[in-house]
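J.: From first to last, the protein sequence lines stand for chains A and B.
Be aware that the first sequence starts at 578, since it is given in our numbering, and climbs by one per residue.
Be aware that the second sequence starts at 40, since it is given in our numbering, and climbs by one per residue.
Note that beta-carbon positions come from the ideal geometry of N, C-alpha and C, so glycine has one too.
Only a predicted model underlies this, so the values are computations on that prediction, with no experimental measurement involved.
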Amino acid sequence: MIVRLHPAAVAAALLVTATVVVVAGSGYREAPLVPAPAAAPSTEQKRLEKALGARIPAGPHIVIDQTHNRLEVRRGREVLITAVCSAGSGMVLRENGGEGRSWVFDTPRGRYAVRTKLKNPAWRKPDWAFIEEGLPVPEDPGERIEYGALGDYALYFGDGFMIHGTLYERLLGRSVTHGCIRLGRDDLAAVYRACPVGTPIFIF
Amino acid sequence: MVLALLVLVGGASWAASGGDDPDAAQVKLALALARTDSFYLVLDLRRAELHLMLGGVPLRTFPYTVAAVASPRVAFTAGRTPRDWTGRVWRDGGIAPAPRRERAEITPPPVGSGAAPEIVVPPLPGDGPPPPARFLVRFADGLELEIRREGDAGATGLRDRLGLLADPRRPHLRLRLTLSADHATDLYRCLPPGVLLVVLGRPA
Chain A
578 MIVRLHPAAV
588 AAALLVTATV
598 VVVAGSGYRE
608 APLVPAPAAA
618 PSTEQKRLEK
628 ALGARIPAGP
638 HIVIDQTHNR
648 LEVRRGREVL
658 ITAVCSAGSG
668 MVLRENGGEG
678 RSWVFDTPRG
688 RYAVRTKLKN
698 PAWRKPDWAF
708 IEEGLPVPED
718 PGERIEYGAL
728 GDYALYFGDG
738 FMIHGTLYER
748 LLGRSVTHGC
758 IRLGRDDLAA
768 VYRACPVGTP
778 IFIF
Chain B
40 MVLALLVLVG
50 GASWAASGGD
60 DPDAAQVKLA
70 LALARTDSFY
80 LVLDLRRAEL
90 HLMLGGVPLR
100 TFPYTVAAVA
110 SPRVAFTAGR
120 TPRDWTGRVW
130 RDGGIAPAPR
140 RERAEITPPP
150 VGSGAAPEIV
160 VPPLPGDGPP
170 PPARFLVRFA
180 DGLELEIRRE
190 GDAGATGLRD
200 RLGLLADPRR
210 PHLRLRLTLS
220 ADHATDLYRC
230 LPPGVLLVVL
240 GRPA
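(1) Helix, strand or coil for Ala699/A? Go by DSSP, reduced to three states.
(2) Starting from His741/A, follow its DSSP beta bridges and name the residues at the other end.
(3) If the cut is a Cβ gap below 8 Å, which residues of chain B does Gly687/A touch?
(4) Using the C-alpha atoms, what's the distance from Met578/A back to Arg187/B?
(5) Do Thr224/B and Pro170/B have their beta-carbon atoms positioned less than 8 Å apart in this structure?
(6) Excluding the 5 residues flanking Pro777/A on each side, which residues of the same chain have their C-beta closer than 6 Å to its C-beta?
(7) In angstroms, rounded to a whole number, what distance separates the CA positions of Gly728/A and Thr754/A?
(8) Show which residues of chain A have a CB atom less than 8 Å away from the CB atom of Ala154/B.
(9) Helix, strand or coil: which one does DSSP assign to Glu141/B?
(10) Closer than 8 Å is the cut-off here; do at least three beta carbon pairs connect the segment 675–688 of chain A with the segment 153–172 of chain B?
(11) Strictly below 9 Å CB to CB, what residues from chain A border Gly151/B?
(12) Once DSSP output is grouped into helix, strand and coil, what is the label at Trp680/A?
(13) Name the two residues that bound the continuous beta strand (DSSP E) containing Ala109/B.
(14) Could you check whether the segment 211–220 of chain B touches the segment 97–116 of chain B, counting it as contact only if at least three pairs of C-beta atoms, one from each stretch, sit closer than 8 Å?
(15) Suppose contacts are defined by Cβ-Cβ distances below 8 Å. Is Leu98/B in contact with Phe779/A by that definition?
(16) Name the chain A residues that come within less than 8 Å of Gly240/B, Cβ to Cβ?
(17) Would you identify the three-state DSSP class for Val48/B, choosing helix, strand or coil?
(18) Distance check for Ile158/B and Leu230/B, CA to CA, integer angstroms please.
(19) What is the DSSP secondary structure of Glu716/A, reduced to helix, strand or coil?
(20) Taking its Cβ as the centre, do 16 or more other Cβ atoms sit within 10 Å of Asp642/A, making it buried, or is it exposed?
(21) Quick one: which chain B residues come within Cβ less than 7 Å of Ile708/A?
(22) Find out if the Cβ-Cβ distance for the pair Ile740/A, Val774/A is shorter than 8 Å.
(23) Specify the secondary structure class of Gly81/B as computed by DSSP and reduced to three states.
(24) For a contact defined as C-beta to C-beta under 8 Å, what are the partners of Leu235/B on chain A?
(25) Can you pull the chain B residues whose beta carbon is under 8 Å from the beta carbon of Asp642/A, in chain order?
(26) Verify whether the separation of the beta carbon atoms of Leu629/A and Gly95/B is less than 8 Å.
(27) If you reduce the DSSP assignment to three classes, tell me which class Thr577/A lands in.
(28) Look at the alpha carbon of Ser666/A and the alpha carbon of Arg606/A, and state the distance between them as a whole number of angstroms.
(29) Look at the Cβ atom of Leu175/B, then the Cβ atom of Ala135/B, and state whether they are nearer than 8 Å.
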């Protein structure tokens, strides 16, 4: 008996078979990743590991997890202070009219250092602080100064960013700031005492 | 300067970076990264830990419980698995699928209107949408870290096969790490873009 197959059916069957074969022959070949037993380190390896370990500051340094709003002060590998903080909201402010400027309220990532420490800091309000509240931006610089908004202390780390206090402690743990790092009153006092000017700050 | 250093270490091989002492060469690469301003990951096979680092300082540590090496093959043809994957710097790593980030926009009241500014209280970090059960940290040079959560026993065979066939950026090698659910979530949320990766320790 001769079976006649339609060429289109044959082509379809071949295509399906080829696809199944290709899919069946694709994927990942997995093997457990078992580390080799550690050999005794060479003199060179010991030297390099010592140099690597020395990268961790022996003195106090600040590590800020801006995603989870957590701040730590560490000395070497020891954690001295753990605090809930607030980092940048990530929101965008667009100016109505005027110059049509916009600001993004992100906390910067990277390595910084405490440049200045202030007690009872005054806040020199930037333009966005007025625009956000629907207020005219003053021409007199003196009208920009506000006392009390930053809490008892501020640690300035550059580009207009600070670690400071807040009037809204109930919002700590949430990303609500304009880029600065806010701390509660007691944690801020402890960080201020523990961290001299020059203290490295690592923000991720 | 930094870019030149990265290009140098990115292309480094055992011979270029540590002669016949591969363990020392790995530490040398880690030290080179510690001297840059880039965020990087250290996959420590000896301690079963993944570290997020900056400047030689471990910012976060993610212990893993299971690790595997998965080599891709397409239509029964194995790819070219890099032989020196533990002895080089992997560059430009990013989360895939990328975390969704929608920036809210603040609408300021018109100047002089006297209207109260809009107040938006963002959710706590833990209240955000959960990350996928599995995600990748995909590096530009063909390495992928697949992060799985403990207890995630879902089958991936067919999905992996189809994904591999459909992906124009086929990896040369995929490392699978199983983290606790909390650590996997934290890593997904906090990993900065463009990270580098070095490995300490070698597979048996």
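T.: This is what the structure gives:
(1) strand
(2) Ala731/A, Arg759/A
(3) Asp76, Leu93
(4) 57 Å
(5) yes
(6) Pro634, His638, Ala690
(7) 14 Å
(8) Gly711
(9) coil
(10) no
(11) Gly711, Leu712, Pro713
(12) strand
(13) 96–113
(14) yes
(15) yes
(16) Pro612, Ala613, Ala615
(17) Low local confidence applies: a pLDDT of 48 at Val48/B is under 50, so the model's placement there is unreliable, and no value is given.
(18) 29 Å
(19) coil
(20) buried
(21) Pro147
(22) no
(23) For clarity, residue 81/B is Val in the given sequence; the question names Gly instead. Correct three-state label for Val81/B: strand.
(24) What Leu235/B touches in chain A: nothing, since even the nearest Cβ is about 14 Å away.
(25) Leu98, Arg99, Cys229
(26) yes
(27) For residue 577/A there is no data in the structure shown, the boundaries of chain A being 578 and 781.
(28) 43 Å
(29) yes
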